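Line order of the protein sequences matches chains A and B.
Each residue of the first sequence is one higher than the one before, starting from 1 at the first, in my numbering.
Each residue of the second sequence is one higher than the one before, starting from 1001 at the first, in my numbering.
Even glycine gets a Cβ: it sits at the ideal position worked out from N, Cα and C.
In this text, all values refer to a predicted model and were calculated from it rather than measured experimentally.
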Amino acid sequence: MSEADGEQGLCVSGASMTADRSGALYWPDEGVLIAADLHLEKGSAYAARGQMLPPYDTQATLARLEDAVRRLRPAHVVLLGDTFHDGKAEDRLAPGDRARLEGLIAAAARWTFVLGNHDPAPPRGIGGETALELRIGPLTLRHEPRARPVQGEIAGHLHPAARVSVRGRSIRRRCFVTDGERLVLPAFGAYAGGLDVFDPALRDLFGRRFQALMLGERGVHAVASQRLARR
Amino acid sequence: MTRPRPLAPDDPLLPPRFAGWFAGRGWAARPHQLAMIEAARDGAHVLLTAPTGGGKTLAGFLPSLIALAERGAVPLPLHGEDRTKSPTGRNALSVEAWTPFQKRSIHTLYISPLKALAVDIARNLEMPVAEMGLGVRIETRTGDTSASKRQRQKVDPPDILLTTPEQLALLLASREAANLFRGLDTIVLDELHALVANKRGDLLSLDLARLARLAPQHRRVGLSATVADPDHLRRYLVPQTTEEPRLARLVTGQAGAQPQIDVLESEARIPWSGHTTRHAIPEIMAAISRARMAIVFVNTRAQAELAFQEMWRLNDANLPIALHHGSLDAGQRRKVEAAMAAGRLRAVVATSTLDLGIDWGDVDLVVQMGAPKGVSRMQQRIGRANHRLDEPSKALLVPSNRFEVLECLAAREAVAAGKQDGETRREGGLDVLAQHILGMACADPFDADELYEEIVTAEPYRLLARETFERTLAFVATGGYALRSYERFAKLRQTAEGRWRVANPMVAQRYRLNAGTIVEAQMLTVRLVRSAKGGRPLTGGRVLGKMEEWFFEQMTPGDSFVFGGQILRFETIVETDAIVTRGTADEPTVPSWQGGKFPLTTYLAQRVREMIAHPERVRNLPAQVAEWLNLQAWRSVLPAADEMLVETFPRNAKFHLVCYPFDGRLAHQTLGMLLTRRLERMGMRPLGFVAGEYALSVWGLRDMSRLDLGGLFAPDLLGDDLEEWLSESIMLKRQFRNCAIIGGLIETRFPGKEKTGRQITFSSDLIYDVLKAHEPDHILMRAARHDALTGLLDLQRLSDLLHRVRGRLVARHLDRVSPLAVPVLLEIGKEPIFGAADEDLLGEAAAETLIAEATRLV
């Protein structure tokens, strides 16, 4: 097991990939790093409505992305939609955070913003390309997963989280979900919530058997659907 | 504070009209009732401690009724505002009460911890008021009061208003507060011992400080059950300064008849461990059948469910027995209370929901199932039987295991000796302070200097540093983050004169929706649907009550559990509902993980230690228990009361270390966490531990008999190890959620919609993680830490324990388990095992997946 490196190997539609402990998906053969649902500036969106959540979520999310990029050195970074929490989030970025994001984009050979439902319009003046979906080899990368049957889809949008019950303790974590034919990424954003893998919205995408790759502090833990605690 | 109201020495304390009323009922005013009138005449703040049934409430209200009666009887022309110059002195207050301006003010404010109690007291007061024709208007204000009545009360208040701390906070946060309370004469705080013990007490203290500003002339009356340290309450009652603590006058009520307490000597074998008390149910049923009406108190809801089920299984006589606990649907509880009041029940199985409050019917027996855990709680419970002072209350204590036999005997001795548990002073919570600051801004723009001066007069906030106050204020205004990015979203803004006001009316509206300090655990509504044949269970169905979300998290569909006295099958969770069907199993498959809910009090623990040191001195020690202790003395040793026994022995290829501090589960859990860390560093490879009420067992792969035990239990255990562990602990996260809700960082209610508990939890965890990394010293992180250390971790107690046993460890290295160790070892498997990090547990689940995959045949 490569758990010590904080990653977990998996295979979607024949493509070998690794689930990184940061919550991003890395595809070594193509040099592609994929992260979904960053929800940048979610904290300030709440603050504008009177709930003063700590304003560090964008910083925390970008720091994690920087770390993954530094470790994995991808040629192509794909953000799989809902990168910004809302249409005005880009304007609320603190100057420092904006510079960090621009720096990341400038340093990458290729950078793609796939558009999501929270950010249906392309970001203005940050750089990178935008796309509704992206086909690379056998895989299609899009924000919102399509109804079954689907072959070779990588998507986000649903923020999956799974729960295991071990020795009387219940542990809930964000997770990747895959059945080998498709994969849904966990939300990457520090303030993005989670949806249980047995929620109909997620359950209907997969067959009876799937794997949840749960994010731990030090590594990714692959747990079979039968072993998960159902809600 | 004294406010002399001159009086001729021969003037009787009880005015004729009142003396006549007492005489007409064949009563005489009790000495403590007269002492309360005297205190009022002296203008002194006063605390009355008395057992239940001592006419405490009437004593609290008498001075107000007298003053109001005199006001009605002696209408005098208006005098100057300076009451000390008032010619009659005694009637100074009444004079003011007649000014048109003062007429719109409340005379006496009564605060109760329970809404139902406020309503009941109002009803009881009506009687003397009507019979003496006092013409005093008495009204309640609770969550159930209609919007129109609330509105009317603000412009045309009653003479006596009875309410709860939460409603008072809301009133004080309104613009009308200043007028409403300007003429306030007396505040009566009922069940003060219960009010001050938690964050509600913090909030109430701040509200009292505000009332002292609005109505500096008012006097405070505290009513309390007998307590070990009345000074604690006497300080709480009086506005404090930075100098010597100031105390309210103390009046002690007449002690009631000694309760008659029996400890059940079961014919059956007393279990070694566990909390079910199942062995004694037949004997409890027999006791119930001999009584008119009994309350059977248990410590947890799970125990209540179990006992209720068992009792009905044996209820051949079909005695009407009901169940009452906090998770049951409110309508269901009201029905049970009404049936008690009407005398239609023979027994009610209850948790602490019936500890305080109104007397429902004519209870003549209290049964305590499981150890009482504390002397004061037990006295309170016993007081529920036979509310007449001159007759003894009858109680039956039913220990559920051998240690609890000792605990019950110790508690009985303590009651006989008139002892109580000690209380510790509370430091006011910063989350509560934040809520209060917002409330004060909603009332009126405030000056920060003035508000600070006001707040430090509240006893729990007496030592609040100005800097901490400023940071809390900044948190309320803009979040107070080091990164000052939210200035433009501010909730509070400063006026040109530098006073703080709410930024817009929405802020006040949201404050009113979210105020309060009682954060409920995340609850799911339990819905019973018809059995789900084939398809999925239906939604809808009958609401049985609410249960904590964590309980369902450990279940898988098809598991069964007991709730509301029936076996239910868990089907699924839909939104915030747990969907269940009627279970067919005989035994529930999911036990409750919770043992006793309350930790054993320090005082009772000390008495149990003394009993163990000298079992031969214990009166009525059951033979089974005596035998067990003798066996322990022979096989190992019975430690002296000031010693701590530590035993090591091998068992099942593992090595155990068991210690016996008797300091309660919480302190033991914390000790276990810290010991395993230290043992890990010593290379002992500990595997886990289980903490019981009396003992702690740690086990590992290495023999621990050669360890330097003095070093292992050295008080520096609370240094770095604690810090390191705290930073990883989920306890802090759990506390943070409460603080975030009380402090207003997370709002649970929005105009028009309610956010569900499910959504709140997740976001509070995310916020915690972000704050931990970016601003660990945030005001709410400090609040959470403080709560965890004093609450869930019971750190003070652990620290006392480590100092107490220093140099007093008694070690026994045995070849096998000792009799005293059996109970805690039996809890392994029933209680969660600690010591493993989340990460390791996740790894375990993943390894199982890997193994399953490797061994799958198809």
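Beta carbon of residue i nearer than 8 Å to that of residue j
i: residue 173/A; j: residue 155/A; result: no
i: residue 1150/B; j: residue 1413/B; result: no
i: residue 1700/B; j: residue 1772/B; result: no
i: residue 1169/B; j: residue 1430/B; result: no
i: residue 1366/B; j: residue 1384/B; result: yes
i: residue 1615/B; j: residue 1666/B; result: no
i: residue 1192/B; j: residue 1222/B; result: yes
i: residue 228/A; j: residue 195/A; result: no
i: residue 1298/B; j: residue 1324/B; result: no
i: residue 24/A; j: residue 35/A; result: yes
i: residue 51/A; j: residue 1746/B; result: yes
i: residue 7/A; j: residue 20/A; result: yes
i: residue 1434/B; j: residue 1502/B; result: no
i: residue 1155/B; j: residue 1140/B; result: no
i: residue 1725/B; j: residue 1684/B; result: no
i: residue 1794/B; j: residue 1692/B; result: no
i: residue 1560/B; j: residue 1401/B; result: no
Contact set between residue i and chain A, taken where Cβ atoms lie within less than 7 Å
i: residue 1469/B; result: The contacting residues do not exist; residue 1469/B stays about 18 Å from chain A at best.
i: residue 1843/B; result: 221
i: residue 1776/B; result: Residues of chain A passing the Cβ test: none, with the nearest at roughly 11 Å.
i: residue 1848/B; result: 227
i: residue 1486/B; result: 47, 52 and 55
Contacts that residue i makes with chain A (C-beta to C-beta distance below 8 Å)
i: residue 1548/B; result: Those do not exist, as residue 1548/B stays about 12 Å from chain A at its closest Cβ, beyond 8 Å.
i: residue 1737/B; result: Neighbours of residue 1737/B on chain A: none; closest Cβ ~14 Å, over 8 Å.
i: residue 962/B; result: Residue numbering for chain B in the displayed model covers 1001 to 1858; residue 962/B lies beyond these limits and cannot be assessed.
i: residue 1733/B; result: Result: empty, since nearest Cβ-Cβ is about 12 Å, beyond 8 Å.
i: residue 1506/B; result: 50
i: residue 1491/B; result: 50 and 52
Partners in chain B for residue i, counting only beta-carbon separations shorter than 8 Å
i: residue 164/A; result: 1841, 1842 and 1845
i: residue 16/A; result: Those within 8 Å of residue 16/A in chain B number zero; the least Cβ separation is about 17 Å.
i: residue 190/A; result: 1766, 1769 and 1770
i: residue 21/A; result: Ordered by position in chain B, no residue passes the 8 Å Cβ test against residue 21/A, which lies about 11 Å from the chain.
i: residue 151/A; result: Residues of chain B passing the Cβ test: none, with the nearest at roughly 23 Å.
Whole-angstrom C-beta distance between residue j and residue i, which should lie under 8 Å
i: residue 1690/B; j: residue 1824/B; result: 7 Å
i: residue 1846/B; j: residue 223/A; result: 6 Å
Neighbouring residues, chain A, relative to residue i (Cβ below 9 Å)
i: residue 1140/B; result: Neighbours of residue 1140/B on chain A: none; closest Cβ ~32 Å, over 9 Å.
9 Å Cβ cut-off: residues of chain B touching residue i
i: residue 54/A; result: 1479, 1481, 1483, 1745, 1767, 1770, 1771, 1774, 1775 and 1778
i: residue 60/A; result: 1769, 1770, 1773 and 1774
Where residue i meets chain B, residues with beta-carbon distance less than 7 Å
i: residue 57/A; result: 1770
**Item:** Stretch pair the segment 50–61 of chain A + the segment 184–195 of chain A: three plus CB contacts closer than 8 Å
**Value:** Yes: at least three Cβ pairs fall under 8 Å.
**Message:** What ranges does the alpha helix (DSSP H) occupy inside the segment 113–165 of chain A, keeping only unbroken runs of at least 4 residues that lie completely in it?
**Reply:** none
**Message:** Could you tell me which whole beta strand (DSSP E) segments of length 3 or greater appear in the segment 1258–1344 of chain B?
**Reply:** 1260–1263, 1294–1297 and 1321–1324
**Message:** Which complete beta strand (DSSP E) runs does the segment 1684–1753 of chain B hold, if anything under 3 residues is left out?
**Reply:** 1686–1691 and 1696–1700
**Prompt:** How about the segment 1273–1289 of chain B and the segment 1465–1484 of chain B: do they share at least three Cβ pairs that are nearer than 8 Å?
**Reply:** no
**Asked** Okay, do the segment 108–119 of chain A and the segment 137–144 of chain A touch, 3+ Cβ pairs below 8 Å being the bar?
**Response** yes
**Asked** Do the segment 1622–1635 of chain B and the segment 1773–1780 of chain B meet, that is, are 3 or more Cβ pairs less than 8 Å apart?
**Response** The count of Cβ pairs closer than 8 Å, one atom from the segment 1622–1635 of chain B and one from the segment 1773–1780 of chain B, stays below three, leaving the stretches out of contact.
**contact_flag[the segment 1439–1455 of chain B, the segment 1208–1220 of chain B] where n(CB pairs < 8 Å) is 3 or more** = yes
**Prompt:** Which runs of the beta strand (DSSP E) fall wholly inside the segment 1622–1695 of chain B and span at least 3 residues, in chain order?
**Reply:** Within the segment 1622–1695 of chain B, the complete beta strand (DSSP E) runs of at least 3 residues are 1644–1651, 1654–1659 and 1686–1691.
**Message:** If we require 3 or more residues per run, which beta strand (DSSP E) segments fall completely within the segment 68–114 of chain A?
**Reply:** Every unbroken stretch of the beta strand (DSSP E) spanning 3 or more residues and falling wholly within the segment 68–114 of chain A is given here in chain order: 76–79 and 110–114.
**Ordered list of alpha helix (DSSP H) runs contained in the segment 1378–1425 of chain B, each at least 4 residues** = 1402–1416
**Request:** Taking 8 Å as the threshold, find out whether the segment 1060–1072 of chain B comes into contact with the segment 1012–1019 of chain B through three or more Cβ pairs.
**Result:** Taking 8 Å as the limit for Cβ pairs, the verdict is that the segment 1012–1019 of chain B does touch the segment 1060–1072 of chain B.
**Asked** Between the segment 212–230 of chain A and the segment 63–81 of chain A, do at least 3 Cβ pairs fall closer than 8 Å?
**Response** no
**Message:** Does the contact criterion of 3 or more C-beta pairs under 8 Å hold for the segment 1242–1250 of chain B versus the segment 1044–1062 of chain B?
**Reply:** yes
**Asked** For the segment 1141–1157 of chain B against the segment 1492–1508 of chain B, are there 3 or more C-beta pairs whose distance is under 8 Å?
**Response** no
**Request:** Tell me the start and end of each unbroken alpha helix (DSSP H) in the segment 1188–1253 of chain B that is at least 4 residues and wholly inside, in chain order.
**Result:** Runs of the alpha helix (DSSP H) spanning 4 or more residues and lying entirely within the segment 1188–1253 of chain B occur at 1192–1195, 1199–1214 and 1230–1237, in chain order.
**Item:** Segment contact, 8 Å Cβ cut-off, at least three pairs: the segment 1455–1466 of chain B with the segment 1418–1430 of chain B
**Value:** yes
**Length at least 4, wholly inside the segment 1456–1482 of chain B: the alpha helix (DSSP H) runs in chain order** = 1466–1478
**Inter-stretch contact at 8 Å, needing at least 3 Cβ pairs: the segment 1675–1683 of chain B / the segment 1800–1813 of chain B** = no
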